[in-house]
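Residue numbers (my numbering), protein chains in the order written: chain W, 5 to 117; chain D, 89 to 207. Heads up, the beta-carbon is just placed ideally off N, CA and C, and yes, glycines get one too. Report on the following structure.
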Amino acid sequence: QQQVKQSPQSLIVQKGGISIINCAYENTAFDYFPWYQQFPGKGPALLIAIRPDVSEKKEGRFTISFNKSAKQFSLHIMDSQPGDSATYFCAASVATGTYKYIFGTGTRLKVLA
Amino acid sequence: GAVVSQHPSWVICKSGTSVKIECRSLDFQATTMFWYRQFPKQSLMLMATSNEGSKATYEQGVEKDKFLINHASLTLSTLTVTSAHPEDSSFYICSARDAGPSSYNSPLHFGNGTRLTVT
């Protein structure tokens with residue numbers, strides 16, 4: 005019940021295309037859902053995050069869509085660029101207590117020039 | 089923005105020696121820090137939760153005598169890998185949250201990780 009399932013494992017997208025990464029969770033106590041971007045040899049960097057009281061959040065080319073009833077959320081990268089090539093992790097946490105994050109398994113995105 | 093500094097960025101040590109990794113929150117106070125381990129092309133595995141002024145909480149399967157955690161101040165946590173062996177070679181990453189008044193909405197910020205190689 006503590007798992008966060010992420011798909012696909014890897015993704016190849018043409019420059020200018022839309023990259024879509026999906027995550028699903030079981031624990032209805034989760035109430036904070038961030039996405040992190042990680043480049044090789046670096047720590048994860050926060051990209052965008054959403055709480056379950058909204059269904060969508062957009063920041064620049066990055067959009068999170070959230071479906072509370074289905075317990076699913078997804079990251080959309082519009083106009084994907086080669087510089088977006090990285091590993092993306094979704095996560096879920098409960099916004100009380102220790103705020104321990106449960107991470108998805110990661111998606112390696114490659115954007116072709 | 090919130091910055092978490094981790095040092096060293098890489099370290100090579102001989103089997104049987106101990107290695108200390110530092111994690112500092114540079115512009116905010118963190119009552120709680122988290123230590124993760126990441127194997128190549130895999131997700132982040134939470135090792136332990138470091139609490140300022142108290143004992144760390146270790147995840148199941150993580151040896152607390154092998155991975156010593158000390159959170160001596162609101163801006164510093166250290167992870168010491170004791171009697172390191174080649175199987176301890178990995179990428180270790182710390183993270184921290186701002187414990188200030190607006191902390192309810194503050195996310196985890198990660199350091200840039202430490203690549204440990206035990207020969």
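- In the structure shown, P195/D falls within a coil segment according to DSSP collapsed to helix, strand and coil.
- When only Cα atoms are considered, K75/W and F127/D end up about 28 Å apart.
- Taking 9 Å as the CB threshold, L50/W lines the interface with chain D.
- In this structure, the CA atom of C111/D is about 14 Å from the CA atom of M135/D.
- Looking at the backbone, the Cα of G149/D and that of F155/D are separated by about 11 Å.
- Contacts between H197/D and chain W, judged by CB atoms closer than 8 Å, involve L50 in chain order.
- Taking a beta-carbon distance threshold of 9 Å, N158/D does not count as an interface residue toward chain W.
- Uninterrupted beta strand (DSSP E) stretches at least 3 residues long and entirely within the stretch 145-185 of chain D occur at 155-161, 164-169, 178-184, given in chain order.
- A straight-line Cα-Cα distance of about 24 Å links R185/D and L204/D.
- Considering only beta carbons, the part of the stretch 37-61 of chain W lying closer than 8 Å to chain D consists of P38, Y40, G45, K46, G47, P48, A49, L50, A53, in chain order.
- Sequence-ordered contacts of the stretch 119-132 of chain D with chain W read T120, F122, K129, Q130, S131, L132 [C-beta pairs closer than 8 Å].
- From the beta-carbon of G108/W, the residues of chain D found nearer than 8 Å are S131.
- Taking 9 Å as the CB threshold, Q94/D lines the interface with chain W.
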